[in-house]
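Trainee: My questions all concern the structure below.
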Amino acid sequence: MATAMQRQLMMERHIQARGITDPRVLEAMESVPREEFLPPELGEFAYSDQALPIEAGQTISQPYIVALMADEAQVKPEDTVLEIGTGSGYAAAVFAKIAARVFTIERHAELADVARERLARLGYHNVEVRCGDGTLGWSEHAPFDAIIVAAGGPDVPRALLDQLAIGGRLVIPIGASHAQDLVRVTRRSETDFHQEDLGAVRFVPLIGEQGWGEPAFDNARTKPLVRAEKRESRPSLISRLISECAEPITGIEDASIDGLIERIGDAHVVLLGEATHGTSEFYRMRMRITQELIRRRGFRGVAVEADWPDASVIDRYVRGKPPRTRTWVPFSRFPTWMWRNREIDTLLEWMRAHNAETEAPEKKVSFSGLDFYSLFTSAYEVVRYLDRVDPTAATAARERYGQLTPWQDDPAAYGRAALVGKMKDCEEDVVAMLRDLLAKRIDYVAHDGDEFFDAAQNARVVAGAERYYRVMYYGGADSWNLRDQHMFDTLKLILSHRGPDAKIVVWEHNSHIGDASATEMSARGEHNIGQLCRAAFRDDMYNVGFGTDHGTVAAAHDWDGPMERMSVRPARSDSYERLCHDSEVPAFMLHLRNPSRDELRDELFSPRLERAIGVVYRPDTELQSHYFQAVLPAQFDEYVWFDETEAVNPLPFAAEAVRPLEHPFAA
Ligand code: SAM
């Protein structure tokens, strides 16, 4: 009963309300039981309009997108349809309800087998499933009246055009591997193809002879695919090459880093990583590099993996602006040690002193947060800003954001309540708030440009976080991608706010700043700020990964648990870390983009394990919890190594200073 109601709601809210009117499509969407195509534990989300994870690291399509594709492909009862990317078989079932015959191809045998059995069991007897490369089509059954491709390719595969009937329609997402445009190609004659753009979409990549190349890693297989033919790498040779190419770091504060600064050259964006969220050496070395970039290369901002409003408090401090009264304490939420530590304190004092000696305000170095876990403090800051500049708008903001108040202590619970239909989601309101704020930009900027920028970014954070907490329940790539896209967009806004030549240094974990397309993340459909920066800025960015073998780290055993100083286990023998350890150089910088010896890059190109420790460290399940496959020289331009490291030094703060947030929307 609940399912029938949820299905009805989905039809009304997400299919009909968004302009799908073809009665055949509506009927098909209403009759196919999506829960049957999902892993049982995700059944309750079957009628929320989202792509969801299925086997082999793939996704079941979002219902609206299935309806849209059927609609745009103008599928009719007498049609023969070819679908590329069977996945769960859900979309094929929808098409089979409308058309005479459906042929569907899936590259993963595991998925094809499950979908074939499932479709037969559910009575979709006009569907034939094949395992293979769909970019080559299915010539035995061509021509097709409609071809629908459920994965994004670089271009329209020639074979599919050839197999389209005259008058037939082909709908396919094309463009960069992480963001595409949906296009419809109509074959008007033997040689005349008409292409129309249907808008932006996001699909997993179409991998095949006439699509993208095989990914470096494929979750459905256990072995890395890159250079599979290559002979076994020779660890001792690689370690020797590392020791020959490495530039040793003798002491963090006084090592010569001229080579690195030279290699960074005129890049406007430098991304500095870390292999854990709690290693002193990583903070100190990033500080050293940052100081040199500010002094010698005119960098004007530091942007970190922290919440915007918290970093904004610090920004006022380092730029010598008077503090604003507020009722919350920055960096008082888990994991407090990540930014509230002695190493960061040293950086902030240095930045403050540097800025004090810098007269021109536009040259003072800013400190910003790229993250968006601050739904409530950001909402609070928007309301407080409007109180200062536009009290009438502040009243509207209180009303709009006020709906989120009951979820203040547990925003994730808000996402769940909105998803399961226990409450109406607040998307419209938080987006409208941002839109209204931006519409009055000229008036507000007249008060103070920096203040407006801060408030507008807080409104963006609220909008982004509201969405994030709704999509995180699906556990797929979407929530990760949403967060990294937000961080990338924020970086671009900071760059443009700080002026046309602004240069910014970014501090985030390796998993964000390393290019995700060179790691197993790409097979899960995840991208990150490193990959987005590389695509957008090319050689105008430089990213530096950091690694360690053993020592201690500040981390918690569980999310929200207390910080502990934990021992880091020596790295596994099949990891990049072990190669670095075996070089016997205790600390070094290693140029990977264009190393002094090509052989080094070649040898390192064989994929290996790499370790990522976050705010949680679980040494007992280290392999499953912390190692992932990567191609190091494709991931980073440079790698900084500290064989033995120590935990970062947290700064104490009085717990009583952390009062609960004053009702943020109170007048
Ligand atoms: N429509 C499917 C559903 O409703 O479950 C979901 C499709 S999923 C978004 C895309 C699928 O395309 C994945 O299962 C992926 O393995 C598959 N795929 C990617 N490239 C392919 C290719 N060249 N040939 C066949 N399938 C491909």
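Under our numbering, the residue at position 327 of the sequence shown is numbered 794, and the numbers go up by one with no gaps.
A virtual CB, placed ideally from N, CA and C, is assigned to each residue, including glycine.
These numbers come from a predicted model, not from an experiment.
Does the segment 907-925 come within contact of the segment 832-851, defined as at least 3 CB pairs closer than 8 Å?
Mentor: yes
Trainee: Count the other CB atoms, across all protein chains shown, that sit within 10 Å of the CB of residue 865; report buried if there are 16 or more and exposed otherwise.
Mentor: As a working mapping, residue 865 is identified with position 398 in the sequence shown. It is buried - the Cβ of residue 865 has at least 16 other Cβ atoms within 10 Å.
Trainee: Compute the Euclidean distance between the alpha carbons of residue 1075 and residue 1015, then round it to the nearest angstrom.
Mentor: Position 608 of the sequence shown holds residue 1075. Position 548 of the sequence shown holds residue 1015. Roughly 15 Å between the two C-alpha positions.
Trainee: Tell me whether residue 1095 is buried or exposed, calling it buried when 16 or more other Cβ atoms sit within 10 Å of its Cβ.
Mentor: Within the sequence shown, residue 1095 is the residue found at index 628, counting from 1. Classification for residue 1095: exposed.
Trainee: Using only the heavy atoms of the ligand SAM, determine whether one of them is closer than 8 Å to the beta carbon of residue 1009.
Mentor: Translated into the one-based positions of the sequence shown, residue 1009 becomes position 542. The answer is no for residue 1009.
Trainee: Taking just the CA atoms, how far does residue 1047 sit from residue 1067?
Mentor: Mapped onto the sequence shown, residue 1067 falls at position 600. Mapped onto the sequence shown, residue 1047 falls at position 580. Their backbone Cα atoms lie some 12 Å apart in a straight line.
Trainee: Mind pulling the beta strand (DSSP E) runs of 3 or more residues that sit fully within the segment 959-1046?
Mentor: 971-974, 1008-1022 and 1031-1035
Trainee: Which same chain residues end up closer than 8 Å to residue 544 when comparing Cβ atoms and leaving out the 5 residues on each side of it in sequence?
Mentor: Residue mapping note: residue 544 aligns to position 77 of the sequence shown, counting from 1. Once the five neighbours on either side are set aside, the close Cβ partners of residue 544 are 491, 565, 566 and 567.
Trainee: Keeping to the same chain, check which residues put their C-beta closer than 6 Å to that of residue 615; ignore five residues upstream and five downstream.
Mentor: The residue labelled residue 615 in the question sits at position 148 within the sequence shown. 536, 540, 550 and 638.
Trainee: Confirm the yes/no value for this check: CB of residue 846, any heavy atom of the ligand NAD, distance under 8 Å.
Mentor: Absent from the structure shown: the ligand NAD. Ligands present: the ligand SAM.
Trainee: Heavy atom of the ligand SAM less than 8 Å from the Cβ of residue 565, yes or no?
Mentor: The count along the sequence shown starts at 1 and reaches residue 565 at position 98. Residue 565 Cβ: outside cutoff for every heavy atom of the ligand SAM.
Trainee: Inspect the beta-carbon positions of residue 1055 and residue 748 and report whether they are closer than 9 Å.
Mentor: The sequence position of residue 1055 within the sequence shown is 588, counting from 1. The sequence position of residue 748 within the sequence shown is 281, counting from 1. Inclusion of residue 1055 and residue 748 in the CB contact set at 9 Å is not warranted, their separation being larger than that value.
Trainee: By DSSP, does residue 1106 sit in helix, in strand, or in coil?
Mentor: Position 639 of the sequence shown, counting from 1, holds the residue named residue 1106. Note: residue 1106 maps to strand in three-state DSSP.
Trainee: Does the segment 1073-1092 come within contact of the segment 1026-1041, defined as at least 3 CB pairs closer than 8 Å?
Mentor: With a cut-off of 8 Å, the segment 1026-1041 and the segment 1073-1092 count as touching, because enough Cβ pairs lie within range.
Trainee: I need the straight-line Cα distance from residue 481 to residue 886, nearest angstrom please.
Mentor: The residue you call residue 481 lines up with position 14 of the sequence shown. The residue you call residue 886 lines up with position 419 of the sequence shown. Across the structure, residue 481 and residue 886 are spaced so that their CA atoms are roughly 13 Å apart.
Trainee: Mapping the DSSP letters down to three states, classify residue 620 as helix, strand or coil.
Mentor: Taking the first residue of the sequence shown as position 1, residue 620 is located at position 153. If DSSP states are grouped into helix, strand and coil, residue 620 belongs with the strands.
Trainee: With a threshold of 8 Å, are at least 3 pairs of Cβ atoms found where one atom belongs to the segment 962-982 and the other to the segment 731-738?
Mentor: Contact holds: three or more Cβ-Cβ distances are below 8 Å.
Trainee: Pull up the distance between the alpha-carbon of residue 553 and that of residue 931, whole angstroms please.
Mentor: What you label residue 553 is simply residue 86 of the sequence shown in a count that begins at 1. What you label residue 931 is simply residue 464 of the sequence shown in a count that begins at 1. If I take the Cα positions, the gap works out to 31 Å.
Trainee: Which residues in the same chain have their Cβ closer than 7 Å to the Cβ of residue 985, if we skip the five residues on either side of it in sequence?
Mentor: Taking the sequence shown and counting its residues from 1, one reaches residue 985 at position 518. Same-chain partners within the cutoff: 683, 1097, 1098, 1101 and 1102.
Trainee: Can you say whether residue 634 is buried or exposed, counting buried as having 16 or more other CB atoms within 10 angstroms of its CB?
Mentor: By 1-based counting over the sequence shown, the position of residue 634 is 167. Under this definition residue 634 is an exposed residue.
Trainee: What residues in its chain sit with their C-beta under 8 Å from that of residue 530, if we drop five residues either side in the sequence?
Mentor: As a working note, residue 530 is residue 63 in the sequence shown. Here the set comprises 477, 481, 482, 496, 501, 514 and 516.
Trainee: Please find out if some non-hydrogen atom of the ligand SAM comes closer than 8 Å to the beta-carbon of residue 498.
Mentor: Taking the first residue of the sequence shown as position 1, residue 498 is located at position 31. Because no heavy atom of the ligand SAM lies under 8 Å away, the Cβ of residue 498 does not count as near it: no.
Trainee: Pop quiz: residue 569 and residue 593 are said to be a contact at Cβ under 8 Å. What is the actual Cβ separation, rounded to whole angstroms?
Mentor: Indexing the sequence shown from 1 puts residue 569 at position 102. Indexing the sequence shown from 1 puts residue 593 at position 126. Right, the Cβ-Cβ distance comes to about 6 Å (below 8 Å), so this counts as a contact.
Trainee: Report the option in 509, 996, 813 and 617 whose CA atom is closest to the CA atom of residue 772.
Mentor: Along the sequence shown, read from residue 1 onward, the residue named residue 772 stands at position 305. Among 509, 996, 813 and 617, the Cα nearest to that of residue 772 belongs to 996.
Trainee: Examine the Cβ distances between the segment 613-632 and the segment 644-663 and report whether three or more of them are shorter than 8 Å.
Mentor: yes
Trainee: What beta strand (DSSP E) runs, 3 residues minimum, are completely inside the segment 487-561?
Mentor: 547-551
Trainee: Under a Cβ-count criterion, where at least 16 other Cβ atoms within 10 Å of its own Cβ denotes burial, should residue 891 be classed as buried or exposed?
Mentor: For the purposes of this step, residue 891 is taken as the residue at position 424 of the sequence shown. That one is exposed.
Trainee: Any idea what DSSP makes of residue 812, helix, strand or coil?
Mentor: Start at 1 with the first residue of the sequence shown, and residue 812 comes out as number 345. Of the three classes helix, strand and coil, the one that applies to residue 812 here is helix, per DSSP.
Trainee: With residue 994 and residue 1061 assumed to form a contact (beta carbons below 8 Å), what rounded beta-carbon distance in angstroms separates them?
Mentor: What you label residue 994 is simply residue 527 of the sequence shown in a count that begins at 1. What you label residue 1061 is simply residue 594 of the sequence shown in a count that begins at 1. That belief does not hold up - the Cβ atoms of residue 994 and residue 1061 are roughly 24 Å apart, past 8 Å.
Trainee: Mind listing, in chain order, the continuous beta strand (DSSP E) runs of no fewer than 3 residues lying wholly within the segment 1074-1118?
Mentor: Those beta strand (DSSP E) runs which fall completely within the segment 1074-1118 and span 3+ residues are 1075-1078, 1094-1097 and 1105-1112.
Trainee: Let me know the secondary structure DSSP gives residue 633 once reduced to three states.
Mentor: Residue mapping note: residue 633 aligns to position 166 of the sequence shown, counting from 1. Strand.
Trainee: Runs of 3 residues minimum, wholly inside the segment 753-833: which ones carry the beta strand (DSSP E) assignment?
Mentor: 768-774
Trainee: When you compare each of 1023, 1037, 731 and 873 to residue 1090 by their alpha carbons, which one comes out closest?
Mentor: The count along the sequence shown starts at 1 and reaches residue 1090 at position 623. Closest option to residue 1090, Cα to Cα, is 1037.
Trainee: Could you check what DSSP says for residue 746 in three-state terms: helix, strand or coil?
Mentor: Translated into the one-based positions of the sequence shown, residue 746 becomes position 279. Strand.
Trainee: Going by other Cβ atoms of all chains shown within 10 Å of its Cβ, with 16 needed for buried, is residue 909 buried or exposed?
Mentor: Reading the sequence shown from its first residue, position 442 is the one you call residue 909. Its Cβ having fewer than 16 others within 10 Å, residue 909 is exposed.
Trainee: Please go through the segment 899-931 and give each complete alpha helix (DSSP H) segment of 4 or more residues, from N-terminal end onward.
Mentor: 908-914
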